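Q: I have a structure here, written as structure tokens, and I will follow up with some questions on it.
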Amino acid sequence: LDVSRLNAGGGGAFARATVSDDHFALLVTKDAAAPDLRRGIRFFNLGNTFANKDYPMAGDNWMSCQSCHLDGFNFTNKYLQQAHAMAPADNALTGHENMMHMVSGDFLSEYIRMVQLTQGGFGADDRDGARPVDPTRPPAEVKTMMEQLHRYVIAPYNLPTLASWLRLQGEQVPHPQEWLNSASCQACHSDIFKQWSNSNHRLMGQSNPYYTAVLQLAEKSEGKEFGQWCQSCHMPQAVLSGVKELPTESHMLEKDGASLIKAYAEGQPVVEEGTSCLLCHRITRVEDAGGNASFTVNLDQRQSYLFEASDNAFARWIGERMINAKPDAHIASYQKDFYKDAVYCKACHDEFAPGTGANIVNTWEEWSKSHYATSSDPAEQRSCISCHMNANPGNGGAPVPGQATLNGTQKANVFTHDFTGAQMHLAGMRDPHLAEMSVALLKSAATISASMAPGELVVRVTNSGAGHAFPTGVSDFRQFWLAVKVWDATGQLVYQSGQPDAAGELAEDTRLFQKVFGDKDGKPVGLHFWRYAKLLKDTRIPADSYRDEQFALPAGLTGAVRVEVRLQFRTYPQWITAAARSVEPALTDPPVVTLHALDQSMTAMPAAPSVSMSPDSGAVAQ
Numbered sequence: 191l192d193v194s195r196l197n198a199g200g201g202g203a204f205a206r207a208t209v210s211d212d213h214f215a216l217l218v219t220k221d222a223a224a225p226d227l228r229r230g231i232r233f234f235n236l237g238n239t240f241a242n243k244d245y246p247m248a249g250d251n252w253m254s255c256q257s258c259h260l261d262g263f264n265f266t267n268k269y270l271q272q273a274h275a276m277a278p279a280d281n282a283l284t285g286h287e288n289m290m291h292m293v294s295g296d297f298l299s300e301y302i303r304m305v306q307l308t309q310g311g312f313g314a315d316d317r318d319g320a321r322p323v324d325p326t327r328p329p330a331e332v333k334t335m336m337e338q339l340h341r342y343v344i345a346p347y348n349l350p351t352l353a354s355w356l357r358l359q360g361e362q363v364p365h366p367q368e369w370l371n372s373a374s375c376q377a378c379h380s381d382i383f384k385q386w387s388n389s390n391h392r393l394m395g396q397s398n399p400y401y402t403a404v405l406q407l408a409e410k411s412e413g414k415e416f417g418q419w420c421q422s423c424h425m426p427q428a429v430l431s432g433v434k435e436l437p438t439e440s441h442m443l444e445k446d447g448a449s450l451i452k453a454y455a456e457g458q459p460v461v462e463e464g465t466s467c468l469l470c471h472r473i474t475r476v477e478d479a480g481g482n483a484s485f486t487v488n489l490d491q492r493q494s495y496l497f498e499a500s501d502n503a504f505a506r507w508i509g510e511r512m513i514n515a516k517p518d519a520h521i522a523s524y525q526k527d528f529y530k531d532a533v534y535c536k537a538c539h540d541e542f543a544p545g546t547g548a549n550i551v552n553t554w555e556e557w558s559k560s561h562y563a564t565s566s567d568p569a570e571q572r573s574c575i576s577c578h579m580n581a582n583p584g585n586g587g588a589p590v591p592g593q594a595t596l597n598g599t600q601k602a603n604v605f606t607h608d609f610t611g612a613q614m615h616l617a618g619m620r621d622p623h624l625a626e627m628s629v630a631l632l633k634s635a636a637t638i639s640a641s642m643a644p645g646e647l648v649v650r651v652t653n654s655g656a657g658h659a660f661p662t663g664v665s666d667f668r669q670f671w672l673a674v675k676v677w678d679a680t681g682q683l684v685y686q687s688g689q690p691d692a693a694g695e696l697a698e699d700t701r702l703f704q705k706v707f708g709d710k711d712g713k714p715v716g717l718h719f720w721r722y723a724k725l726l727k728d729t730r731i732p733a734d735s736y737r738d739e740q741f742a743l744p745a746g747l748t749g750a751v752r753v754e755v756r757l758q759f760r761t762y763p764q765w766i767t768a769a770a771r772s773v774e775p776a777l778t779d780p781p782v783v784t785l786h787a788l789d790q791s792m793t794a795m796p797a798a799p800s801v802s803m804s805p806d807s808g809a810v811a812q
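The sequence shown begins at 191 in our numbering and counts up one residue at a time.
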């Protein structure tokens, strides 16, 4: 807001600019930003300020937060991740390293570490006489500086939750009454409401025991504030409403939205878990920052109807009739063109660790490299909703005609709201048909074939139908694997792999298609997946590709054999289900589902002789 006069310090390579006149010209008489916020903005943009000579934020006087985070936190974040040049197996961290509590748990010490390790500030670079700062016991001046910086970081246009990109347009925290109960949409959109009400998109907060178990672990490990990273996609209404104590009543087995219908009939406001009708259909902007709930919700600038939020049933009935009187206004309020764009789904279905920037889920990027995204032929193009909001999953994303509203016009294609995906178990407990839809979609994603090579059986798994990697999403936990059995000519079982034990666990040598995350020391992180620093293994199959798995057969096995190959699937391994059951005892074990099976007679081939090199005799067969 002011113009400062600087002294360039000469023309040498190591010249340092200094401030000769802090307020050379005053452009605005009254600053619109509060003093603490203004100082936070300066710390972010300038790094090394004239007012804090003893504790400069940049040891070499040039690098600030804005040097990487251009103009705050926005879509440029994804470019920082894309610019990461190291292989994930060596270093998956695209942002700050050595986070003690992933920023959210203790932002003061985390900010100081960031400044020291990234910018050389706070005494890390002491060539200019800067005093060293202990991140755990900062002096009062540094503490004040970081609190002011924090004011800017959590500004409504930056990271108000700190752990995610979720934002609310407007100054006021919404009252629960402002979140229209999704049951209010049922009168006109009865089929869509029923689909959504049983889906995982609706019941993915406290009613999802897998999520709840991980949320509790995350808050225990990193601090309660860190939970908002999870909640911003799984329970965004609660986050935007400022709910501190999350609801605990589970609706895991509830059918057809019964509790919402009851609350609506009684005129009781509900802060819904998951993504409600109003939440999704009042997203007015997607930041495309790389995921982590990078969207903005607007509850104010929409066409509202008289009595729509009334607690009187007859008054609400009148309000519903008014929607039919002005349907165009209703459509304009709740339907945006970008809802059909894959970036809309990317806002939550891509995921990275706060602070460290490690890319945990890259579903959108996987899709963007597939022929479904790159083909110039419109008939070949498919996006997320082509397959995952399809009434006939597994049909390759072909349109399915139908009606979106009761007694509405027949449309060439209607996007259903079952949100069919790999989590078949929870949705199937409410509606078995949803599990059947998931299996149909999964079966269309891949094919298997088998062949013999010298001394081994080769099984090829082809990603023939998924528009992303097989599998994607939480592929560090999903279980897709090959179960193999081989019998010799006498009918004796001579080889097997991938058979669960009595406890339902798989052996370590099972051929799984998955990612395995490790920490900075290369140790598997397990459920602490946000601590991912190195990719230990990735056996997933990219879109439009295949993977061959070789199974070494017993020595001397030749001639006719019978081979059985199964491509198996389970939503989660047994040990994770056990952790989730500690939260929700009613949770049953997810079934093992056979997606594809081969039973065929083959001819085993003798192993090829191994070859070693001798300096005297050349190649020697052993």
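Cβ coordinates follow ideal geometry from the N, Cα and C atoms, glycine included.
All values derive from a computational prediction rather than experimental measurement.
Between Asp540 and Gly586, which are expected to be in contact by the criterion C-beta below 8 Å, what is the C-beta distance as a whole number of angstroms?
A: Asp540 to Gly586, Cβ: 24 Å. No contact.
Q: Going by beta-carbon coordinates alone, are Thr546 and Glu739 separated by less than 8 Å?
A: no
Q: Which complete alpha helix (DSSP H) runs does the region 334-394 hold, if anything under 4 residues is left out?
A: 380-387
Q: When you compare only the Cα positions, how much space is there between Lys445 and Cys375?
A: 17 Å
Q: Tell me which same chain residues have a C-beta within less than 6 Å of the C-beta of Ile344, skipping the five on either side of it?
A: Pro350, Leu352
Q: Name the one or two DSSP bridge partners that Asn653 has.
A: Ala636
Q: Would the beta-carbon of Ser654 fall within 8 Å of that of Ala636?
A: yes
Q: To the nearest angstrom, report how far apart Asp666 and Asn281 are at their CA atoms.
A: 17 Å
Q: Ordered along the chain, which non-local residues of its own chain (more than five positions away) have a Cβ less than 7 Å from that of Gln256?
A: Phe234, Asn235
Q: By how many angstroms is the C-alpha of Gly262 removed from the C-alpha of Ala207?
A: 24 Å
Q: Bridge partners of Met642, per DSSP?
A: Leu647
Q: Report the residue ranges of all beta strand (DSSP E) runs contained in full by the region 690-776; include only those spanning at least 3 residues, in chain order.
A: 705-708, 724-728, 736-742, 749-760
Q: Taking only three categories from DSSP, how would you classify Trp419?
A: Three-state result, Trp419: helix.
Q: State the start and end residues of the unbroken beta strand (DSSP E) segment that holds Ala787.
A: 783-794
Q: Assuming Ser318 and Gly417 form a contact by the criterion Cβ under 8 Å, report the distance between their Cβ atoms to the nearest whole angstrom.
A: First, the residue type needs correcting, since residue 318 is Asp and not Ser in the sequence shown. The C-beta distance from Asp318 to Gly417 rounds to 40 Å, too long to fall under 8 Å, and the pair is not in contact.
Q: If you count every other CB in all the chains shown that lies within 10 Å of the CB of Lys268, and 16 or more means buried, which is it?
A: By the neighbour-count rule (16 or more Cβ atoms within 10 Å), Lys268 is buried.
Q: Should Met803 go down as buried or exposed, given a rule of 16 or more other Cβ atoms within 10 Å for buried?
A: Caution is warranted here: a pLDDT of 44 is assigned to Met803, below 50, making its placement in the model unreliable, and the coordinate value is therefore given only provisionally. Exposed, because fewer than 16 other Cβ atoms sit within 10 Å of the Cβ of Met803.
Q: Helix, strand or coil for Trp507 per DSSP?
A: Helix.
Q: With distances taken from CA atoms, which of Lys414, Ala428, Arg730, Arg475 is nearest Gly663?
A: Arg730
Q: Below 8 Å, can you find three or more Cβ-Cβ pairs linking the region 717-737 to the region 553-564?
A: yes
Q: Where does Tyr534 fall in DSSP's three states?
A: helix
Q: Residue ranges of each alpha helix (DSSP H) run of no fewer than 4 residues wholly in the region 552-629, ordered along the chain?
A: 553-558, 561-564, 574-578, 614-620
Q: Would you kindly work out how many angstroms separate the C-alpha atoms of Ala794 and Gly618, rounded to a whole number?
A: 41 Å
Q: How long is the line joining the alpha carbons of Met642 and Pro781, rounded to whole angstroms?
A: 31 Å
Q: Please state whether DSSP places Tyr301 in a helix, a strand or coil.
A: helix
Q: Within this structure, are the beta carbons of Gly688 and Gln758 separated by less than 8 Å?
A: yes
Q: Could you work out which residue in Leu196, Asp212, Asp211 is closest to Ala205 when comparing CA atoms only?
A: Leu196
Q: Between which two residues does the beta strand (DSSP E) holding Pro400 run?
A: For the sequence presented, residue 400 should be read as Tyr rather than Pro. Here Tyr400 belongs to no beta strand (DSSP E); instead the alpha helix (DSSP H) covers 399-412.
Q: Could you pull out every unbroken beta strand (DSSP E) segment of at least 3 residues lying fully inside the region 236-276, listed in chain order?
A: Within the region 236-276, complete beta strand (DSSP E) segments of at least 3 residues are not found at all.
Q: By alpha-carbon positions, which one of Val676, Thr610, Val706, Pro589 ends up nearest to Gln600?
A: Pro589
Q: Assuming Val649 contacts Leu672 (C-beta within less than 8 Å), just tell me the rounded distance between them.
A: 6 Å
Q: Starting from Ser194, trace the beta strand (DSSP E) both ways and give me its first and last residue.
A: 192-197
Q: Using 8 Å for Cβ pairs, my map puts Gly313 next to Val323. What's the rounded Cβ distance?
A: 5 Å
Q: If distances are taken between C-alpha atoms only, which option among Cys258, Thr465, Ala798 comes closest to Met304?
A: Cys258
Q: Could you tell me how far apart the beta carbons of Leu468 and Trp369 are, in whole angstroms, since I believe they sit closer than 8 Å?
A: 6 Å
Q: What residues are listed by DSSP as bridge partners for Asn482?
A: Answer is none; Asn482 lacks a bridge partner.
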